[in-house]
Amino acid sequence: MKEIIGFSILGVVVALILFMVIRTLLTKKPKLENRNYVPHDIPLDRVKDHLIGAVQIPTVTLKDNDQDGSIFYEYQAYLERCFPKIMAVAEKTLVNKYAVIYTVKGTDESLLPCAILAHQDVVPAPDEGWEVPPFSGIVKDGYIYGRGSQDMKSQMIVALEGLELLLEDGLQPKRTIMFCFGHDEELRGTYGALEISKYLESKGIRLEYVLDEGGTILDGKILGIDNKIALIGTCEKGYADYILEVEKDGGHSSAPDRRTSVGMLSEALYKVEKHKRKPYWTKPTKDMFKALAPHMNFGFKLALVNRDILSPLLKVVLCLVSPFTNGLMRTTLAPTQTNGAHTPNTLAPVATGTINSRINTGETVEGVKNYIQKVVGKHVKISMLEGSIDPSPVSDIDTKAFKDLQQTIGEVFGGYIASPYPFIAASDAKHYYNLTNCVYRFTPFEKTIEDGARIHGMNERQSVQSLELGTRFFLRLYENTCF
Ligand SMILES: [Zn+2]
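FYI, in numbering that gives the first Met the number 0 the residues of the sequence shown are 0 to 482.
Take a look at the structure:
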């Protein structure tokens, strides 16, 4: 009897393995459509000069909309000089003083417009620590240096350049193209992007798709892929800074009480680090692994094609394999700051610590706060810094716009794999879900991790060479979706 049961179990396991292997072998890489792609000539010197000029105008984010923002008018006048063909036909609309929409009307009114987003503003850049003055736009070793050269005047310039070149060829778009440029993305976009989207809604406008800055190009090796992956953000994780506070009698540290505020705070932070949020599958992570699985090596592919069977094991492995995949699977809780007494020989009457959290789709700022409270106990007071935000809705990917975006990336970047993914940073795009469910975030530049780390930091720079494919990407995207 025991033998029969043993053989039956073995039989089921063998059948299951066989099933998983066959399923894996049957999963084939999707092919790009043949759309006769002929790369357009790009006047790289011109694009470079346009970006240099843009960087030289210090459009630092205003603290609020009552501050003098005339620098943004100077910046817009500059764009209008750089792109005469676009500006000759575009309708310009200022929104909430400094945000701007340039609308290039298409010939076919039955097509919904698309919106190309970029933000005009940049974070401040004090001179200290820079190799060149931060608003000089100096070119060094093949890079344009300056604040905004990456985030995100480069993307704005190549997006305009792509259309300018098509108009120079004497072509006219069928689909209306709206360039929507906010002016306070670095402060959440409430004066700029949010007002633009409200304005468009008030005009009854629906959009075919929205494209903003976002995912970048990554080496596929960490996921067992022998190619580059172009990540297209289809949602934004939420964001919150939770402040943990413990109060205790202060006094001289030569006679401490049994427990101290700093000791109790440390214990609370340790508990949060130990009791991580549960990993789970969200639509964007499922979408991502579904798109990538066919391109993976056999081991990775087998695991992900059979995600429904191997899910519990896979969740654990993905959380362990790298901080990047861990961040895809769960809400992260990272202790980042602590504060105690001002001198080394004083007991702090109050100790505070910050936990920075990136909230996964499906959870909320409030829900995560309640979770932390449960973990640390009632004696720890929790408050939040301003600027917390719930995760954004998730965009559809089963759409023509998304497929065209994948096709464009494949064509322009010589076969790179375009994949949806949950975008971990913030962008203006989150304000546009009232106008379409096709909100995508992609930055068409290849860069090193080291260069990416310069964003918001010192010596921000953009490689001159990268502007060629960046321009070609937008030009081809317009050809594929608007002409
Ligand atoms: Zn940005």
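C-beta: ideal position from N, C-alpha, C; glycine also.
Measure the C-alpha to C-alpha separation of residue i and residue j and round it to an integer number of angstroms.
i: Ile371; j: Val271; result: 7 Å
i: Tyr142; j: Gln464; result: 8 Å
i: Thr407; j: Tyr208; result: 15 Å
i: Arg146; j: Val304; result: 43 Å
i: Leu170; j: Thr106; result: 11 Å
i: Leu159; j: Arg80; result: 12 Å
i: Thr26; j: Pro293; result: 6 Å
i: Ile354; j: Pro42; result: 47 Å
i: Leu404; j: Val12; result: 41 Å
i: Tyr483; j: His182; result: Look at the range of the chain in this structure, 0 to 482, and you will see that residue 483 is not part of it.
i: Glu244; j: Tyr269; result: 14 Å
i: Lys446; j: Gly5; result: 55 Å
i: Thr335; j: Tyr241; result: 10 Å
i: Leu24; j: Thr331; result: 35 Å
i: Leu434; j: Tyr97; result: 21 Å
i: Met86; j: Tyr77; result: 11 Å
i: Leu162; j: Leu15; result: 53 Å
i: Pro419; j: Ala333; result: 25 Å
i: Gly128; j: His455; result: 13 Å
i: Val20; j: Phe297; result: 9 Å
i: Ser394; j: Thr233; result: 5 Å
i: Lys377; j: Asp256; result: 20 Å
Can you tell me which of the three DSSP states residue i falls into?
i: Met263; result: helix
i: Pro334; result: strand
i: Tyr420; result: strand
i: Met287; result: helix
i: Ile176; result: strand
i: Gly213; result: strand
i: Glu235; result: strand
i: Thr342; result: coil
i: Ser69; result: helix
i: Asp218; result: strand
i: Leu9; result: helix
i: Lys157; result: Position check: residue 157 holds Val in this sequence, whereas Lys was assumed. Val157: helix per DSSP, three-state reduction.
i: His118; result: strand
i: Gly181; result: strand
i: Phe134; result: coil
i: Thr455; result: Note on identity: in this sequence residue 455 is His, with Thr being the wrong assignment. Coil.
i: His274; result: coil
i: Gln485; result: In the structure as shown, the chain begins at 0 and stops at 482. Residue 485 is therefore absent and cannot be evaluated.
i: Ile396; result: coil
i: Tyr189; result: Here residue 189 turns out to be Thr, not Tyr, going by the sequence shown. Of the three classes helix, strand and coil, the one that applies to Thr189 here is coil, per DSSP.
i: Val374; result: helix
i: Lys62; result: coil
i: Thr102; result: strand
Which same chain residues, not among the five before or five after residue i, have their C-beta less than 6 Å away from its C-beta?
i: Met177; result: Ile100, Thr102, Pro112, Ala114
i: Asp131; result: Sequence check: residue 131 is Val here, not Asp. Closer than 6 Å at Cβ, skipping near neighbours: Ile137, Tyr144.
i: Ala229; result: Ile216, Ile408, Tyr415, Ala417
i: Phe180; result: Val99, Ala117, Gln119
i: Met155; result: Ala117
i: Thr470; result: Ile41, Val46, Val157, Glu160, Gly161
i: Ala350; result: Val245, Ser260, Val261, Leu264, Gly339
i: Ala192; result: Gly181, Asp427, His430
i: Thr284; result: Leu327
Which residues bound the alpha helix (DSSP H) around residue i?
i: Ser465; result: 465 to 480
i: Thr447; result: Element bounds for Thr447: n/a, residue is neither H nor E.
i: Val320; result: 306 to 320
i: Val411; result: 399 to 411
i: Ser201; result: 192 to 201
i: Lys429; result: It is not in any alpha helix (DSSP H) - Lys429 carries neither H nor E in the DSSP assignment.
i: Lys84; result: 83 to 88
Excluding five sequence neighbours on each side, which residues of the same chain lie with their C-beta closer than 8 Å to the C-beta of residue i?
i: His251; result: Asn344, Thr345, Leu346
i: Thr28; result: In the sequence on display, residue 28 carries Lys and not Thr. Once the five neighbours on either side are set aside, the close Cβ partners of Lys28 are Pro293, His294.
i: His274; result: Val374
Just reading off the beta strand (DSSP E) that residue i is part of, what are its end residues?
i: Thr353; result: 349 to 358
i: Tyr142; result: 142 to 144
i: His378; result: Neither: His378 is in no beta strand (DSSP E) and is coded neither H nor E.
i: Leu50; result: Not the beta strand (DSSP E): Leu50 falls in the alpha helix (DSSP H), residues 43 to 54.
i: Arg205; result: Unbroken run through Arg205: none, as it is neither H nor E.
i: Val484; result: What is shown of the chain runs 0 to 482, which leaves residue 484 out entirely.
i: Tyr279; result: Unbroken run through Tyr279: none, as it is neither H nor E.
Please confirm whether residue i has its beta-carbon closer than 8 Å to some beta-carbon of chain D.
i: Thr351; result: The structure shown contains no chain D, having only a single protein chain.
For residue i, which residues in the same chain have their Cβ closer than 7 Å to its Cβ, ignoring the five residues on either side in sequence?
i: Leu164; result: His39, Leu474
i: Val239; result: According to the sequence shown, residue 239 is Ala rather than Val. Closer than 7 Å at the Cβ level, and outside the excluded window around Ala239, lie Ser356, Ile358, Val364, Val367, Met383, Ser387.
i: Lys277; result: Arg329
i: Glu73; result: Ile56
- Message: For the structure I just gave you, are there three or more beta carbon pairs, one from the region 439 to 459 and one from the region 361 to 369, closer than 8 Å?
- Response: Judged by Cβ distances under 8 Å, the region 439 to 459 makes no contact with the region 361 to 369, as fewer than three pairs qualify.
- Counting pairs of beta carbons, one from the region 309 to 318 and one from the region 215 to 229, are three or more of them closer than 8 Å? no
- Count the C-beta pairs between the region 50 to 62 and the region 117 to 127 that are closer than 8 Å, then say yes if the count reaches three, no if not. Yes, the region 50 to 62 is in contact with the region 117 to 127.
- Message: Count Cβ pairs between the region 336 to 343 and the region 252 to 271 that sit closer than 8 Å; are there 3 or more?
- Response: yes
- Message: Tell me whether the region 218 to 227 and the region 447 to 458 touch, counting them as touching only if at least three CB pairs, one residue from each stretch, are closer than 8 Å.
- Response: no
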